[in-house]
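Working notes, structure below.
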Amino acid sequence: MGSRSRERRAGSVQSTNDSSALSKRSLAAHGYVRDAFAALLAPGPVRRTPLIHRGYYVRARAVRHCVRAFLHRTGALPAPTRAQILSLGAGSDSLYFRLKAAGLLARAAVWDVDFPDVSRRKAERIREIPELCSLTGPFHIGDSASPLCFESSDYRILGADLRELPRLGEALDCAGLDATSPTLLLAEAVLTYLEPAGAAALIAWAAQRFPDALFVIYEQMKPRDAFGQIMLQHFRRLHSPLHGLEVFPDVEAQVQRFLQAGWTACSALDLNEFYRRFLPAEERRRVETLEPFDEFEEWHLKCAHYFILAASRGDILSETLVFPPPEAPFRIDPASPSGFFSARVVSSDNQHSSLKRYGHTSVLLNPGIIFSAGGFGEQEGRHCRVSTFHLLSRSCDSEWKGSQISVLGTGGQWDGRLYHTMTKLSDTQILVLGGRLSPVRPASRALQLNLNGSEDNCPESQNVTVTKAALEEGPMSRWRHSTTEVYYQNQRYLFVYGGRSVVEPVLSDCHFLHVETMSWVRIPVEGAAPEGRHSHSACSWQGGALIAGGLGASEEPLSSVLFLRPMPSGFLWESIAIQPPITPRYSHTAHVFNGKLLLVGGVWIHSSSVPGVTVINLTTGLSSECQLDTKSVPWPLMLHNHSSVLLPEEQRVLLTGGGGNCFSFGTYFNPHIVAVELSSLSTGQ
């Protein structure tokens with residue numbers, strides 16, 4: 001690589017430090033962590049989104065956990081042992097000041113290393129801020145020719161290139177780093193920006209140089225699934241490609257990477273596991289209520305694509321259990337796939353069809369018409385709450401074609417809600433219940449949509465009128481709920497269950513809407529009430545409702561499958577025993593086909609695999625996992641926040657929309673209507 005190219009890459013990597021520093025400043029400003037120094041080191045007003053806050057919070061807590069474990073272990077050593085923290089690619093991080101203010105550096109010191117420009121800027125910033133100088137004590141600013149940019153009794157800042165290990169070693173020697181003392185090497189999102197050979201050399205160099213050491217890294221992983229592809233594309237656009245992910249794609253490969261480089265012990269886990277295992281429930285509840293939040297899928301997917309790793313060597317630190325094993329296994333991997341469902345594109349989206357969206361709902365009006373409304377997506381060249389309707393219609397040649405359809409007249413307008421439900425009342429009438437405009441603005445008004453036009457399914461002749469539903473006030477200030485058609489005493493009802501609201505993180509109440517009179521009625525429900533949930537699936541079956549999965553009160557995915565069974569006196573909650581138990585999930589869709597419950601896609605946190613289709617035999621309770629064969633589908637395909645429609649006569653499911661806001665990596669919308677073929681699920685299977 002030429003010097004000019006190396007400089008360009010270095011500049012791009014430095015820009016990621018600037019963005020990270022501002023995110024950490026915003027994190028502290030909004031109460032996620034206590035850090036009075038982030039704002040001093042990274043000046044400038046900034047307000048990150050709640051999703052970014054959560055992502056940086058779990059990163060900060062994971063690193064803090066490792067640092068505290070190191071200091072706890074070395075603090076128990078006899079005097080005059082002095083612990084050392086070597087922060088590689090430290091950027092504008094405030095670790096030293098937080099530790100010093102907390103009184104944790106009485107027998108420890110910190111060395112920060114980053115590119116010379118970054119380190120000098122940090123040193124100058126410290127010199128200008130009296131609050132920072134008061135913590136460092138007397139200090140010396142190095143001259144421009146020296147790699148030592150800042151020096152006090154327990155803090156040094158060095159300007160060095162991690163790709164030039166001989167020079168780095170010399171600079172550390174001159175800065176007083178004792179290779180024989182217990183040392184914590186810390187690299188937050190650093191090694192991944194090095195070429196694989198450079199990263200391998202750094203890991204091996206550290207193992208050879210420090211006989212008693214703990215090496216902690218925080219990095220990305222899982223590049224091959226849909227979210228991982230969006231993540232890779234993001235960093236390529238920033239000219240900061242993530243190196244080595246194809247060679248070390250998961251925690252198992254990362255652990256072997258360190259063990260083979262001379263580290264004697266190593267453990268790693270993704271951020272979902274760290275968050276649930278190593279943060280107290282009370283602290284999680286505090287964080288989860290700091291800001292209005294409704295991006296659970298993106299939060300869990302982000303955490304699934306980052307890991308924290310601790311590798312150790314030496315008599316002192318090899319005994320440090322940074323991540324003690326769990327009492328019960330955290331991983332709940334699904335059974336090995338028993339087969340595949342083929343998938344193919346049946347309709348490509350374009351600027352006119354407007355189905356690049358998620359959080360919407362699709363409903364089958366007749367075998368040749370699928371109507372979709374709501375959600376967040378692309379409209380007129382921007383990302384917003386979508387106000388247009390989408391019609392997927394089948395032409396005479398059996399091809400599906402998508403198009404926008406307009407609102408007729410000057411009456412009601414679609415309010416742009418998402419996470420609502422839609423129920424077919426007739427071939428031309430749809431009832432819309434619940435949804436939200438924002439996490440603090442529920443769409444409480446029930447709507448009725450009337451599809452007008454010719455009977456030939458011609459999109460050009462179709463339009464929609466939006467009216468307020470002739471429905472008495474009911475429990476509709478909710479979203480991420482379900483609405484299912486059930487029958488009681490030969491009368492048709494809509495069963496509204498679960499969801500969340502501005503006040504309640506999950507809801508567990510049941511409501512019945514009598515369709516003929518459009519009135520809410522009380523129907524007795526017996527049996528043990530299931531725990532509250534949202535983002536679950538619901539299907540009509542045998543006059544009742546099948547409820548599967550969902551996200552519970554503690555933001556924990558659920559695995560239960562429940563049946564609201566119709567009885568002469570009302571309904572009865574029953575739990576369906578599934579073997580093997582399904583992996584907990586949410587944000588999936590579900591259908592009953594040939595006596596089997598199909599759970600399509602979704603998000604889970606207890607497995608490193610990607611959800612496909614879970615097949616549950618409703619007679620035997622036996623479950624199996626099937627993957628989607630997507631060779632014929634342009635990648636990536638995100639199977640969450642989507643909608644799906646069962647076409648039983650054709651033995652297929654059509655997937656519409658889906659995607660999400662992929663952390664800070666950009667927003668992705670599935671651009672195609674995808675058909676999943678179910679012909680392999682014959683009645684006898």
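Under full-length UniProt numbering, think of the first position of the sequence shown as 1, with each following residue one higher. Every residue, glycine too, gets a C-beta built ideally from N, C-alpha and C. These numbers come from a predicted model, not from an experiment.
Under a three-way DSSP split, which group does I129 fall into? As a first step, residue 129 must be located in the sequence shown, where it is residue number 129. In the structure shown, I129 sits in coil (DSSP, three-state: anything other than H, G, I, E or B).
Provide the residue span of the beta strand (DSSP E) that contains L471, from first to last. Residue mapping note: residue 471 aligns to position 471 of the sequence shown, counting from 1. Segment: none, L471 is in no beta strand (DSSP E) and carries neither H nor E.
Among the residues of its own chain, which have a CB less than 6 Å from the CB of N617, if the five just before and after it don't count? What you label residue 617 is simply residue 617 of the sequence shown in a count that begins at 1. The answer, listed in chain order, is K596.
Give a yes or no on whether the C-beta atoms belonging to S338 and L392 are separated by under 8 Å. Looking up residue 338 in the sequence shown gives position 338. Looking up residue 392 in the sequence shown gives position 392. It is not a contact, given that the beta carbons lie outside the stated cut-off.
Using the Cα positions of G549 and R492, report the straight-line distance between them to the nearest angstrom. As a first step, residue 549 must be located in the sequence shown, where it is residue number 549. As a first step, residue 492 must be located in the sequence shown, where it is residue number 492. If you take the alpha carbons of G549 and R492, they lie about 25 Å apart.
So, under 8 Å CB-CB, T264 and S318 are touching, yes? Tell me the CB distance rounded to an integer number of Å. Taking the sequence shown and counting its residues from 1, one reaches residue 264 at position 264. Taking the sequence shown and counting its residues from 1, one reaches residue 318 at position 318. Going by Cβ atoms, the distance from T264 to S318 rounds to 5 Å, so yes, they are a contact pair.
Paired residues, beta bridge with F512 - DSSP: Numbered from 1 along the sequence shown, position 512 holds the residue referred to as residue 512. Bridge partners of F512: F495, V521.
Secondary structure of F593, DSSP reduced to three states: As a first step, residue 593 is located in the sequence shown; it is residue number 593 there, counting from the start. Here F593 sits in strand by DSSP.
Just to confirm, is the Cβ distance from W573 to A545 under 8 Å? As a working note, residue 573 is residue 573 in the sequence shown. As a working note, residue 545 is residue 545 in the sequence shown. Taking 8 Å as the Cβ cut-off, W573 and A545 do not qualify as a contacting pair.
Provide the residue span of the beta strand (DSSP E) that contains N450, from first to last. By one-based count along the sequence shown, residue 450 stands at place 450. Where N450 is concerned, the enclosing beta strand (DSSP E) stretches over 447-452.
Kindly confirm or deny that the segment 352-370 and the segment 106-115 touch, where touching means at least three C-beta pairs closer than 8 Å. no
On the DSSP bridge assignment, give the partners of W400 in chain order. To locate residue 400, count along the sequence shown from 1; it is residue 400. Answer by DSSP bridge pairing, in chain order: R394.
Start and end residues, alpha helix (DSSP H) containing V272: To locate residue 272, count along the sequence shown from 1; it is residue 272. According to the sequence provided, residue 272 is Asn. The question's Val does not apply to it. Run containing N272: 271-278, per the alpha helix (DSSP H) assignment.
Just how far apart, CA to CA, sit V46 and L202? Locating residue 46 in the sequence shown gives position 46, where the first residue counts as 1. Locating residue 202 in the sequence shown gives position 202, where the first residue counts as 1. Take the alpha-carbon of V46 and the one of L202: they are about 34 Å apart.
Which residue comes first and which comes last in the beta strand (DSSP E) that contains F669? For the purposes of this step, residue 669 is taken as residue 669 along the sequence shown, with counting starting at 1. That run of the beta strand (DSSP E) goes 667-669.
Run the CB neighbour count on L564, radius 10 Å, all protein chains shown included, and call it buried at 16 or more, exposed below. As a working note, residue 564 is residue 564 in the sequence shown. With 16 or more other Cβ atoms within 10 Å, it is buried.
Starting from the N-terminal side, write out each stretch of the beta strand (DSSP E) that is 3 residues or longer and does not extend beyond the segment 557-606. Within the segment 557-606, the complete beta strand (DSSP E) runs of at least 3 residues are 561-567, 570-575, 589-593, 596-600.
Closest residue to L184 among Y193, A213, F593 (Cα-Cα distance): The count along the sequence shown starts at 1 and reaches residue 184 at position 184. The shortest Cα separation from L184 among Y193, A213, F593 belongs to A213.
According to DSSP, simplified to helix, strand and coil, what is C303? As a first step, residue 303 must be located in the sequence shown, where it is residue number 303. In this structure, C303 counts as helix in the three-state DSSP scheme.
To which residues of the same chain is D154 closer than 6 Å at the C-beta, ignoring the five residues directly before and after it? The residue given as residue 154 occupies position 154 in the sequence shown. Around D154: L105, A109.
For the putative contact between H591 and V653, defined by C-beta atoms under 8 Å, what is the C-beta separation to the nearest angstrom? Position 591 of the sequence shown, counted from the start, is the residue given in the question as residue 591. Position 653 of the sequence shown, counted from the start, is the residue given in the question as residue 653. About 6 Å separates the two Cβ atoms, so the contact holds.
At which residues does the alpha helix (DSSP H) containing I203 begin and terminate? As a first step, residue 203 must be located in the sequence shown, where it is residue number 203. Looking at the DSSP string, the run of the alpha helix (DSSP H) that includes I203 is 196-209.
Helix, strand or coil at A106 according to DSSP, with G and I counted as helix: For the purposes of this step, residue 106 is identified with residue 106 of the sequence shown, where counting begins at 1. Looking at A106 - three-state DSSP - the assignment turns out to be coil, as it is neither helix nor strand.
Cβ separation of residue 693 and E485, assumed to be a contact under 8 Å, to the nearest whole Å: The requested residue 693 does not occur in the structure, where the chain is confined to residues 1 to 685.
Report buried or exposed for P43, applying the criterion of at least 16 other Cβ atoms within 10 angstroms of its Cβ. Walking along the sequence shown from the start, residue 43 turns up at place 43. Under this definition P43 is an exposed residue.
Would DSSP call T683 helix, strand or coil? In the sequence shown, counting from the first residue as 1, residue 683 sits at position 683. Residue confidence for T683 is low, a pLDDT of 48 falling below 50, so the modelled location carries little weight and cannot support an answer.
Taking a contact to mean a Cβ-Cβ separation below 8 Å, would you say L94 touches A38 in this structure? Here the question's residue 94 lines up with position 94 in the sequence shown. Here the question's residue 38 lines up with position 38 in the sequence shown. The amino acid at residue 94 is misidentified as Leu; the sequence shows Ser. Cβ distance < 8 Å, so S94 and A38 count as in contact.
Let me confirm a value: P634 is counted as buried when at least 16 other C-beta atoms fall within 10 Å, else exposed. Which label applies? In the sequence shown, residue 634 corresponds to position 634, counting from 1. A residue is called buried when at least 16 other Cβ atoms come within 10 angstroms of its Cβ; P634 does not meet this threshold and is exposed.
Using 8 Å as the cut-off, can you tell me whether the segment 634-648 makes contact with the segment 264-281, which would need three or more C-beta pairs spanning the two stretches below that distance? Put simply, the segment 634-648 does not touch the segment 264-281. Fewer than three CB pairs are less than 8 Å apart.
Is Y275 near the ligand FAD, going by C-beta to nearest heavy atom under 7 Å? Looking for the ligand FAD in the displayed structure turns up nothing, as the structure carries no ligands at all.
Under the three-state reduction of DSSP, which class applies to P50: helix, strand or coil? Here residue 50 refers to the residue found at position 50 when the sequence shown is read from its first residue. Looking at P50 - three-state DSSP - the assignment turns out to be helix.
Going by DSSP in three states, L41 sits in which element: helix, strand or coil? In the sequence shown, the residue the question calls residue 41 occupies position 41. Helix.
For P116, collect the residues of the same chain with a Cβ closer than 6 Å to its Cβ; drop the 5 residues on either side in sequence, then sort them by chain order. Taking the first residue of the sequence shown as 1, we reach residue 116 at position 116. Cβ within range, chain order: G159.
Less than 6 Å between C-beta atoms, sequence neighbours within five positions excluded: which residues of the same chain meet that for V561? For the purposes of this step, residue 561 is identified with residue 561 of the sequence shown, where counting begins at 1. Around V561: A548, I576, I578.
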